[in-house]
Every structure is written in structure tokens, then in C-alpha cells.
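Take a look at the structure set out below.
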Amino acid sequence: MEDNQMVEVSYQGQFAVLYMNAGENRFNLPFIRAMNRALDDIEAHHEVTAVITTSRGKFYGNGLDLAWISKQSEPVKAQFGKENGLLLARMLTFPLPTVAAINGHAFAAGAIFALAHDYRVMRTKQGWLSLNEIFIDRIIAPGWMDILTYKITDSRVLREAVLFGKRFTAEECIKYDIIDICVPQETLLSSAKALLRNKLGENFKFKRSTLGDMKIELYRNAYNLLRTTTSKL
Numbered sequence: 000m001e002d003n004q005m006v007e008v009s010y011q012g013q014f015a016v017l018y019m020n021a022g023e024n025r026f027n028l029p030f031i032r033a034m035n036r037a038l039d040d041i042e043a044h045h046e047v048t049a050v051i052t053t054s055r056g057k058f059y060g061n062g063l064d065l066a067w068i069s070k071q072s073e074p075v076k077a078q079f080g081k082e083n084g085l086l087l088a089r090m091l092t093f094p095l096p097t098v099a100a101i102n103g104h105a106f107a108a109g110a111i112f113a114l115a116h117d118y119r120v121m122r123t124k125q126g127w128l129s130l131n132e133i134f135i136d137r138i139i140a141p142g143w144m145d146i147l148t149y150k151i152t153d154s155r156v157l158r159e160a161v162l163f164g165k166r167f168t169a170e171e172c173i174k175y176d177i178i179d180i181c182v183p184q185e186t187l188l189s190s191a192k193a194l195l196r197n198k199l200g201e202n203f204k205f206k207r208s209t210l211g212d213m214k215i216e217l218y219r220n221a222y223n224l225l226r227t228t229t230s231k232l
């Protein structure tokens, strides 16, 4: 797939809907850079007041692209680890309200990317959210782990998620306050927009610099670690 086809943005009134089109949406350098270009474009559209990320098909995001990583030189792996952390830090502190519209499976890095959003809407009856690093012999890196402790506030749920790789259905994610709502696939995007309006008001608009700075302070430890620590691959 061409890099410029991996990610597309649809501008729908006040909303920017970012579609991840790279199949299972596994994280590799071309995908990360395509995501950053899309986010750059969104920031250049001053009429946009919120961002929704989603995908089509079976996966929202299926973690790191381990097959791609295994073929890279050590310098490329190091660059990937750096840019991966920077993308997550950017999403965590993006200067607009953000919603992950989880259309399918969200595993490992894909799940943590979804958790980096302000809100989450998940498709009901199909798809899991899972931190399955324990099954692939990988340790969740500093910064990434901090996001989990910010976003999964019940320590018992965090234990099952991180240590034992539990697969959560949308209905379980609601029960454990991991997501905000679960809805049928056909109303996923409209529900994400409605959620923002219900939470923030019909014509919400925040000063971007203030919102971004507030997020940095709220998530300061994760933000600093993600920007300065290269995860081991």
C-alpha cells in the first residue's frame, strides 16, 4: 500500500474523521509517518473542533508490526521506537478533543493508542480490546504503561489487562469504565459525534493551545517518558 493511502481524513463539519486504512493497522515507520501527516493536516484546518479516529473492517489496530520490525537494522528500529513514542505522546495531548471509534479488534499498541484518546466508543458484539504483550514476550514500555494507569483506574482490571492479557468485549469495557459507550457498527461514527456534543455542548470549541497544555500537565509523566524513552524492540 502506498504511504498516502494508509491514512485518510474526512472533514465533516466541525469533525475531522481520521481513517486508518493499512489493513490490520500495525505500527511501523511508514504508518506512523502517515498518521503524523494526517494530524498535521487536521491541525491546519482551523474550523475543526474535534478528531475521531477509526478504521474499516475487522481491526482498529493490531499492535506493532513485528514482521516489519524484524527486518530492520538497529538504527531503523531505534528510530521507529522514538517516533512511535512521539506519536503516542502527540495523540495523548492533541490540542483538540479526541475520540477513538473502535470498529474492531484493538490489541497491544493499538489498544494503548485508543486509550490515549479523550473518549472511546466501541462497536458492540464484535471485537476485543486486549493488551496481549504477555503472550508475545514483550514488556510494555515506560510512558505506555503510564497511559494504562491513567486510563484504567480500577487496579484489579489493570492487573488482569496488563499481567494476564485479558480480552475485553465492548460490554466488559463499559462495565470496567475503559470506554464511554458501545454501539452497533452502523452508528459508531454518529455516536462518537453525539458523545462529544453531549459531553461538551452542541457548539463546543476550545482554545487549542490551552487544551493541549492542560493535557500535557494532566499526563505529564507519560508525556515526558514517551518523548524521551525509546522502547526496546
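Going by numbering that gives the first Met the number 0, 49 is the number at position 50 of the sequence shown; the sequence numbering is gapless.
Don't be surprised by glycine CBs; every beta carbon is placed ideally from N, CA and C.
G200 sits in coil when the DSSP states are folded into three classes, being neither helix nor strand. Taking each of G211, G80, L147, K206 in turn and checking the Cα distance to D176, the smallest one comes out for L147. In this structure, the beta-carbon distance from A49 to V98 falls below 8 Å. Here DSSP, grouped into helix, strand and coil, assigns N35 to helix.
At the C-beta level, L63 and A108 come within 8 Å of one another.
Its Cα nearest to that of C172, the residue Y118 stands out among Y118, G60, M213, P29.
For S72, the secondary structure class from DSSP, reduced to helix, strand or coil, is coil.
With a contact defined as Cβ atoms closer than 8 Å, R207 and A88 miss out at about 16 Å.
For R119, the three-state secondary structure derived from DSSP is strand.
Around the Cβ of A100, a 10 Å sphere holds 16 or more other Cβ atoms; the residue is buried. From the listed residues V120, E170, S190, A115, the smallest Cα separation to L217 is found for A115. Between the stretch 59-78 and the stretch 194-205 there are fewer than three C-beta pairs closer than 8 Å, too few to call the two in contact. In terms of CA proximity to Q4, G22 leads the group R219, Y10, G22, M121. For V156, the enclosing alpha helix (DSSP H) stretches over residues 154-163. S54 and N61 have their alpha carbons spaced roughly 11 Å apart.
In the DSSP assignment, A221 falls within the unbroken alpha helix (DSSP H) covering 219-227. With contact defined as three or more Cβ pairs closer than 8 Å, the stretch 162-171 and the stretch 10-25 are not in contact. Residue pairing by DSSP places Y149 opposite no residue, since no beta bridge is assigned to it.
A193 sits in a helix when the DSSP states are folded into three classes. Cβ-Cβ distances below 6 Å link K214 to T92 in the same chain, with the five nearest sequence neighbours on each side left out; the list follows chain order.
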